[in-house]
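Yeah, the sequence shown ends on 119 if you go by UniProt numbering, and it's all consecutive.
Below is one structure, written out as C-alpha cells; the observations come after it.
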Amino acid sequence: MSVTPTPTHDAVAIAAAHDDGSDETPVHGYTPAKAEYLRRLRRVEGQVRGIARMVDEDVYCIDVLTQIAAVTKALQAVGIGLVEDHLGHCVVDAARESPEAGAAKVREASAAIARLVRS
C-alpha cells in the first residue's frame, strides 16, 4: 500500500517562506556537509537493498533484524547530524534576525525532534 503524504499547514508555510522566487539554491545548515550526507544515505540505501535480498533468500530472522537495527541506527545518525546543523545554522540565523523568528525556528526544530524520537 502506498501512502502519499499531504503537506501540513506548517510544511506549506515553511515552503512558502523559502520560496522567494529566485533561482538561487538555498543554503541550509547541512549544505556544507551535503556530500557526506549523500554518501551516508547511499550506504543506507545499499543496506536496505541488502535486507530485501536477505528476505528474498530466506535468511534467518535474527540476521535480518540485526541488519534492520544497523540501518535504523545509521538513519538516526543522519537525523541527529541534520538536527545539529539546523540548530547551528537555521535557528541561529533566525534568532539573529529577530526573537520571534528565532522562537519560530526553535518550535519547528522541537517538532522535528519529537518526530524523530517517536519514529
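We put the beta carbon where it would ideally sit given N, CA and C, even for glycine.
For Thr-31, there is no enclosing alpha helix (DSSP H), as DSSP marks it with neither H nor E. Secondary structure of Glu-97 (DSSP, three-state): helix. Bounds of the alpha helix (DSSP H) holding Val-78 are 61–85.
Beta-carbon to beta-carbon, Leu-75 and Val-117 are separated by about 13 Å, too far to satisfy the 8 Å threshold. A distance below 8 Å between beta-carbons, with the five flanking residues on each side excluded, links Val-71 to the following residues of its chain, in chain order: Val-44, Gln-47, Val-48, Ile-51. Counting other Cβ atoms within 10 Å of its Cβ, Val-55 stays below 16 and is therefore classed as exposed. Here DSSP, grouped into helix, strand and coil, assigns Glu-45 to helix.
With fewer than 16 other CB atoms across the displayed protein chains lying within 10 angstroms of its CB, Ala-103 is exposed. Apart from sequence neighbours up to five positions away, the residues of its chain that approach Val-64 with a beta-carbon distance below 7 Å are Ile-51, Met-54, Val-55, ordered along the chain. Around the beta carbon of Val-91, 16 or more other beta carbons sit within 10 angstroms, so the residue counts as buried.
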